[in-house]
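Sequential numbering from 7 applies to the sequence shown in the numbering used here. Don't be surprised by glycine CBs; every beta carbon is placed ideally from N, CA and C. Down below is the structure, laid out as structure tokens.
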Amino acid sequence: MIKCITQKVFAPNSNAIIRVDFNVPLGIDYKILDYSRLESAKNSINLLLKNCKRVLLLSHFGRPKGKYTKELSLANIVSQISKYYGVEIIFINSLNELNDKEGLVLLENTRFFPEEEKNDQYFARTLAQHAELYVNEAFSCSHRAHASLHAITNYLESYAGTYCFNEITALERISLEKNKDIIAIIGGSKISSKIGVLRNLFKKVRLVAIGGAMANTFLKAKGIEIGSSLYEPESLDIASEILSSYKILLPIDVVCKNNNSITIKDIHSVEDGDCIMDIGPRSCIEICSAIKNTQSVIWNGPMGKFEEPEFIDGTRLIAKFISSLNDSIYSVVGGGDTLAALSLLNIKLAFSHVSTAGGAFLEWMEKGSLPCIDMLKISKTTKT
Ligand SMILES: Nc1ncnc2c1ncn2[C@@H]1O[C@H](COP(=O)(O)OP(=O)(O)OP(=O)(O)O)[C@@H](O)[C@H]1O
Ligand SMILES: O=C(O)[C@H](O)COP(=O)(O)O
Numbered sequence: 007m008i009k010c011i012t013q014k015v016f017a018p019n020s021n022a023i024i025r026v027d028f029n030v031p032l033g034i035d036y037k038i039l040d041y042s043r044l045e046s047a048k049n050s051i052n053l054l055l056k057n058c059k060r061v062l063l064l065s066h067f068g069r070p071k072g073k074y075t076k077e078l079s080l081a082n083i084v085s086q087i088s089k090y091y092g093v094e095i096i097f098i099n100s101l102n103e104l105n106d107k108e109g110l111v112l113l114e115n116t117r118f119f120p121e122e123e124k125n126d127q128y129f130a131r132t133l134a135q136h137a138e139l140y141v142n143e144a145f146s147c148s149h150r151a152h153a154s155l156h157a158i159t160n161y162l163e164s165y166a167g168t169y170c171f172n173e174i175t176a177l178e179r180i181s182l183e184k185n186k187d188i189i190a191i192i193g194g195s196k197i198s199s200k201i202g203v204l205r206n207l208f209k210k211v212r213l214v215a216i217g218g219a220m221a222n223t224f225l226k227a228k229g230i231e232i233g234s235s236l237y238e239p240e241s242l243d244i245a246s247e248i249l250s251s252y253k254i255l256l257p258i259d260v261v262c263k264n265n266n267s268i269t270i271k272d273i274h275s276v277e278d279g280d281c282i283m284d285i286g287p288r289s290c291i292e293i294c295s296a297i298k299n300t301q302s303v304i305w306n307g308p309m310g311k312f313e314e315p316e317f318i319d320g321t322r323l324i325a326k327f328i329s330s331l332n333d334s335i336y337s338v339v340g341g342g343d344t345l346a347a348l349s350l351l352n353i354k355l356a357f358s359h360v361s362t363a364g365g366a367f368l369e370w371m372e373k374g375s376l377p378c379i380d381m382l383k384i385s386k387t388t389k390t
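Next comes the structure, spelled out in structure tokens:
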């Protein structure tokens, strides 16, 4: 059984390690655009700070492939994180700088260390030597068997953070094995990283509605003109295969940008030079009609290029509609950019559960668990 950190009886002067996900969307001058992931780790960090001498924060940022990359350094955002939590954070580049530091300490991007993504046991043990307990508050990365999430649990008493624990409970409730009356709405742009999971998802839900740049690949695979819209050529074959096997809802109208003009077009009227930037109003109505008749909805990925205000309407309409049904359907919404889009909308919305995870959320939907969550089940706390 997974234990939540709230169940821990702390020994005096303990040192803790907490794996968080500070892989947050950034704007100009490294400005953090969405604080949801920071907010989700707040309770666990405060609990640890109250009970431990030192709390070492571990996080990755971006995909530096084991090499120092200035733009992906956590040093760029540490002062914003510190301000948000209202606590001083000591930033260290390597564990050699840890010495006997106390309070809240943040180690540089774990993915600058090549051992991290190799799930290297020696690296994990070295990290573990600096604490007596470990907390996973990074559900959104728990599909990655990396040293700071996976191997480390072999060496420390391990717990789920409070938010991570709530994520697990909420997603277990929507377990696809038991309840098939689910509609999945999938958008965003990370086609290649999501399409494998999607392939399995199709078998487990009643209907999948696709928007965002993700839809463009499917439209293209169907032979529909998408002009110069973003799509993924290497995913065309798998898109065709899915289209021949499963029923999916694709946009019937879209918002196109062509030079400086923005036009809503029927999907069959998109021309050379048009760039599909959002789903259109008729597509939104079609998705909403489908949602109205279901028990559960899962949503990952914005419906359009929401960062440009002209293309946030599809995401807004879907969000407002799901939120309006909050008393009658079970809704789980997840994804880094999805949450960033929702916070840009600046309206009060209600969902059954908001997950800070994107890829991890989809992988959970596919497999019913995640490798690093499974490690919490067999960690030292439950062995003894
Ligand atoms: N039609 C489109 N054209 C170009 N970009 C698009 C379009 N629709 C969506 N996007 C972009 O997709 C990005 C979000 O995709 P992504 O797959 O990262 O979603 P996500 O919800 O963050 O999931 P994850 O948490 O897995 O990252 C946004 O930057 C958005 O601008
Ligand atoms: O943003 C995410 O989904 C998580 O931080 C995981 O990042 P990754 O896809 O680079 O592993």
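Return the CA-CA distance between residue i and residue j, expressed in angstroms with no decimal places.
{"i": "ALA1", "j": "GLY218", "result": "The question about residue 1 has no answer, for the chain in this structure spans 7 to 390."}
{"i": "ARG60", "j": "ARG131", "result": "18 Å"}
{"i": "ASN115", "j": "GLY72", "result": "10 Å"}
{"i": "ASP380", "j": "ILE174", "result": "11 Å"}
{"i": "PRO18", "j": "ILE11", "result": "16 Å"}
{"i": "SER20", "j": "GLU138", "result": "6 Å"}
{"i": "ILE268", "j": "ALA227", "result": "24 Å"}
{"i": "ASN29", "j": "ILE83", "result": "10 Å"}
{"i": "ASN49", "j": "TYR91", "result": "10 Å"}
{"i": "CYS378", "j": "ASN99", "result": "25 Å"}
{"i": "HIS359", "j": "ASP106", "result": "39 Å"}
{"i": "GLY68", "j": "GLU277", "result": "35 Å"}
{"i": "HIS136", "j": "LEU110", "result": "13 Å"}
{"i": "SER234", "j": "CYS281", "result": "5 Å"}
{"i": "GLN410", "j": "ILE384", "result": "Examination of residue 410 is not possible in this model, given that the chain is present from 7 through 390 alone."}
{"i": "LYS253", "j": "LYS298", "result": "18 Å"}
{"i": "THR390", "j": "LYS14", "result": "The predicted position of THR390 is uncertain, since its pLDDT is 36 and thus under 50; a value taken from the coordinates is nonetheless stated next. Answer to the nearest angstrom: the Cα atoms are 14 Å apart."}
{"i": "SER195", "j": "ILE95", "result": "34 Å"}
{"i": "GLU240", "j": "PHE224", "result": "12 Å"}
{"i": "ILE273", "j": "LEU55", "result": "54 Å"}
{"i": "GLU77", "j": "ILE328", "result": "37 Å"}
{"i": "ASN332", "j": "ARG205", "result": "28 Å"}
{"i": "ALA356", "j": "GLU45", "result": "17 Å"}
{"i": "SER330", "j": "LYS209", "result": "28 Å"}
{"i": "LEU133", "j": "ILE158", "result": "7 Å"}
{"i": "ILE248", "j": "ILE23", "result": "42 Å"}
{"i": "ASP27", "j": "SER251", "result": "36 Å"}
{"i": "HIS156", "j": "ASN172", "result": "19 Å"}
{"i": "GLY193", "j": "PHE16", "result": "43 Å"}
{"i": "ASN102", "j": "ASP343", "result": "35 Å"}
{"i": "GLU316", "j": "THR300", "result": "30 Å"}
{"i": "LYS124", "j": "LEU64", "result": "16 Å"}
{"i": "THR362", "j": "PHE119", "result": "25 Å"}
{"i": "GLU314", "j": "LYS89", "result": "28 Å"}
Spell out the partners DSSP gives residue i in its beta bridges.
{"i": "LYS263", "result": "ILE268, CYS281"}
{"i": "ASN306", "result": "ILE192, GLY340"}
{"i": "ILE96", "result": "VAL111"}
{"i": "HIS274", "result": "Looking at the DSSP assignment, HIS274 forms no beta bridge with any residue, so it has no partner."}
{"i": "GLY286", "result": "Looking at the DSSP assignment, GLY286 forms no beta bridge with any residue, so it has no partner."}
{"i": "VAL360", "result": "VAL339"}
{"i": "CYS10", "result": "ALA166"}
{"i": "LEU255", "result": "ALA215"}
{"i": "GLY233", "result": "CYS281"}
By the three-class DSSP mapping on this structure, what secondary structure does residue i have?
{"i": "TYR140", "result": "strand"}
{"i": "ARG60", "result": "strand"}
{"i": "VAL15", "result": "coil"}
{"i": "ASN352", "result": "coil"}
{"i": "ALA22", "result": "strand"}
{"i": "GLY365", "result": "helix"}
{"i": "GLN86", "result": "helix"}
{"i": "SER295", "result": "helix"}
{"i": "SER375", "result": "coil"}
{"i": "SER246", "result": "helix"}
{"i": "LEU331", "result": "coil"}
{"i": "THR300", "result": "coil"}
{"i": "LEU382", "result": "helix"}
Residue ranges of each alpha helix (DSSP H) run of no fewer than 4 residues wholly in the segment 149-213, ordered along the chain? Qualifying alpha helix (DSSP H) stretches, in chain order: 168-179, 197-210.
Is it the case that the segment 335-351 contacts the segment 160-171, given that we only count it when at least three CB pairs across the two stretches are under 8 Å? no
Spell out a yes or no on whether the segment 254-265 and the segment 314-326 are touching, meaning 3 or more CB-CB pairs, one atom from each, closer than 8 Å. yes
Contact between the segment 365-381 and the segment 143-157 is defined here as three or more beta-carbon pairs at a separation below 8 Å; is this criterion met? yes
Inspect the CB distances between the segment 151-162 and the segment 285-304 and report whether three or more fall short of 8 Å. no
Length-filtered (4 minimum) alpha helix (DSSP H) runs lying within the segment 27-77: 42-57
Within 8 Å, do at least three Cβ pairs link the segment 232-252 to the segment 197-210? yes
Is it a yes or a no for the segment 302-310 touching the segment 327-341, going by three-plus beta-carbon pairs under 8 Å? yes
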